[in-house]
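Under UniProt numbering, the first residue of the sequence shown is numbered 1, with each subsequent residue one higher. Yeah, the Cβ is synthetic: ideal placement off N, Cα and C, and Gly gets one too. Here the structure is a predicted model, which means the values were calculated and not measured. Worksheet: one structure, shown below.
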Amino acid sequence: MTVIISVGHTSSSPGAVFADLVEFDIAKKIASETAKILKSEGLDVAIVPFDYDLRTTIDWINNSGYSANAGDISIDIHINDGGNSGVEGWYRGQGENDSYRLAKSIAEAISKESGLPFLGAKSEYEHPFGSLAFLHNTNTVSALIECGYLDNPVDSALMKSLEGIKKFARGFVEGIKGFLESREADKKEDSHLSNKDIAGGQKTEQQSFLSPSERRYGSPYFSATPADPYSERRKLIRNLYREVLGREADEVGLSYYLYSNPSATENDIRKEMTQSTEHFEILKNAKKAKECEEKTKRMEEEMKLLRVSLEAKENEISNMESLLKAKSAEIERLRKGQATITQQRSVEVQTPPQVNIPDIPMHSERKGCMVWLREIFGI
Numbered sequence: 001m002t003v004i005i006s007v008g009h010t011s012s013s014p015g016a017v018f019a020d021l022v023e024f025d026i027a028k029k030i031a032s033e034t035a036k037i038l039k040s041e042g043l044d045v046a047i048v049p050f051d052y053d054l055r056t057t058i059d060w061i062n063n064s065g066y067s068a069n070a071g072d073i074s075i076d077i078h079i080n081d082g083g084n085s086g087v088e089g090w091y092r093g094q095g096e097n098d099s100y101r102l103a104k105s106i107a108e109a110i111s112k113e114s115g116l117p118f119l120g121a122k123s124e125y126e127h128p129f130g131s132l133a134f135l136h137n138t139n140t141v142s143a144l145i146e147c148g149y150l151d152n153p154v155d156s157a158l159m160k161s162l163e164g165i166k167k168f169a170r171g172f173v174e175g176i177k178g179f180l181e182s183r184e185a186d187k188k189e190d191s192h193l194s195n196k197d198i199a200g201g202q203k204t205e206q207q208s209f210l211s212p213s214e215r216r217y218g219s220p221y222f223s224a225t226p227a228d229p230y231s232e233r234r235k236l237i238r239n240l241y242r243e244v245l246g247r248e249a250d251e252v253g254l255s256y257y258l259y260s261n262p263s264a265t266e267n268d269i270r271k272e273m274t275q276s277t278e279h280f281e282i283l284k285n286a287k288k289a290k291e292c293e294e295k296t297k298r299m300e301e302e303m304k305l306l307r308v309s310l311e312a313k314e315n316e317i318s319n320m321e322s323l324l325k326a327k328s329a330e331i332e333r334l335r336k337g338q339a340t341i342t343q344q345r346s347v348e349v350q351t352p353p354q355v356n357i358p359d360i361p362m363h364s365e366r367k368g369c370m371v372w373l374r375e376i377f378g379i
């Protein structure tokens, strides 16, 4: 079993900012201190590289082989804003599942350690976009924790001190340990949580139906500005839907930002949209599209090279055919010339040259040999 810890933002997109407090920096400190304590207590801990964005964080967790079946849990650390005070957890799905119990255990423990109010554990389905990408797409039991409000003086005082950071970290550790102990007890008892509640006479908390905590920014990610007139705000919301999600705003989204969270600013709405599963799927599909585009370009380049190579081969074959024709013509010419020479030689052999031999005069008297030769050759 491994505890995977990640932070919700990056240095280039640091999340909420108030005065000299930055969400990304505070979350890093809490994550590092939490991991340190967990390791000292013998737990296996993995920290997602801090500068990984949401999509890369999810891929890193899933591609590393961590899973709920192996008992692994993932914690994503955030800092809230909006002027409220307290700690809240977000969990996957709905009902009292393992994600709910993990988020609730951690948020309650942080509240106890820090003295900040416990604002409940909320289902991702309470999010205006229906789900949170980190919770919905990781293969582990996961929880997203909002550790107080950096624009609240009481909450921010804890964030500014090392002792306060340690309190947040200790809350994470105690919450994680409490969840693991409870899960182990459930396995040993081999019974469902509902049966334990009935046997113990405990009242089931209806956390999944809690309304979002009251704050000027709405969901977990907002900051305050005065509400715009409805006509201007409706236009702003529709433009953000087109820009961030590439679609028209539905009535649910319009109603949420017009009436449920009327003070959420443009940046706050944009931030909430980018944390949604819908936006995560858009990024994932965009990545696949880019990979396909790059693959297509590589294939086109390869096709160009193949065409050039093919043209060169065709030219080479054409030249070889021309040479072959020329050689064939030369061979034919030589063959014909050889046949003519052979024919001429044959005629010469069949008709030997005529040699004129002079008549040898007959004499009665016998002459010497020399005389005879002189007469023959006229000497």
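What number of angstroms, rounded off, separates the C-alpha of residue i from the C-alpha of residue j?
i           : j           : result
residue 3   : residue 39  : 10 Å
residue 29  : residue 56  : 21 Å
residue 91  : residue 237 : 26 Å
residue 272 : residue 289 : 24 Å
residue 85  : residue 148 : 6 Å
residue 247 : residue 297 : 29 Å
residue 8   : residue 53  : 8 Å
residue 210 : residue 96  : Bear in mind that a pLDDT of 33 at residue 210, under 50, signals an unreliable position, so the model cannot answer this.
residue 264 : residue 286 : 28 Å
residue 187 : residue 280 : 34 Å
residue 311 : residue 326 : 22 Å
Can the beta-carbon of residue i be found closer than 7 Å to that of residue j?
i           : j           : result
residue 134 : residue 76  : yes
residue 27  : residue 110 : no
residue 162 : residue 156 : no
residue 145 : residue 89  : yes
residue 113 : residue 183 : no
residue 140 : residue 99  : no
residue 278 : residue 254 : no
residue 33  : residue 176 : no
residue 6   : residue 51  : no
residue 16  : residue 81  : yes
residue 35  : residue 22  : no
residue 116 : residue 87  : yes
residue 94  : residue 123 : yes
Where does residue i land, buried or exposed, given buried means 16+ other C-beta within 10 angstroms?
i           : result
residue 292 : exposed
residue 20  : exposed
residue 152 : buried
residue 341 : exposed
residue 128 : buried
residue 250 : exposed
residue 233 : buried
If you run the structure through DSSP and keep just helix, strand and coil, what is residue i?
i           : result
residue 9   : coil
residue 118 : strand
residue 146 : strand
residue 135 : helix
residue 161 : coil
residue 171 : helix
residue 3   : strand
residue 18  : strand
residue 264 : strand
residue 48  : coil
residue 253 : helix
residue 125 : helix
residue 322 : helix
residue 218 : Low confidence applies here, because residue 218 scores a pLDDT of 35, under 50, leaving its location unreliable; read the following figure in that light. In this structure, residue 218 counts as coil in the three-state DSSP scheme.
residue 80  : strand
residue 66  : coil
Contact defined as beta carbons within less than 8 Å: I believe residue i pairs with residue j. What is the distance between those atoms, to the nearest angstrom?
i           : j           : result
residue 118 : residue 108 : 5 Å
residue 132 : residue 276 : 7 Å
residue 240 : residue 270 : 6 Å
residue 138 : residue 61  : 5 Å
residue 179 : residue 101 : 6 Å
residue 143 : residue 106 : 6 Å
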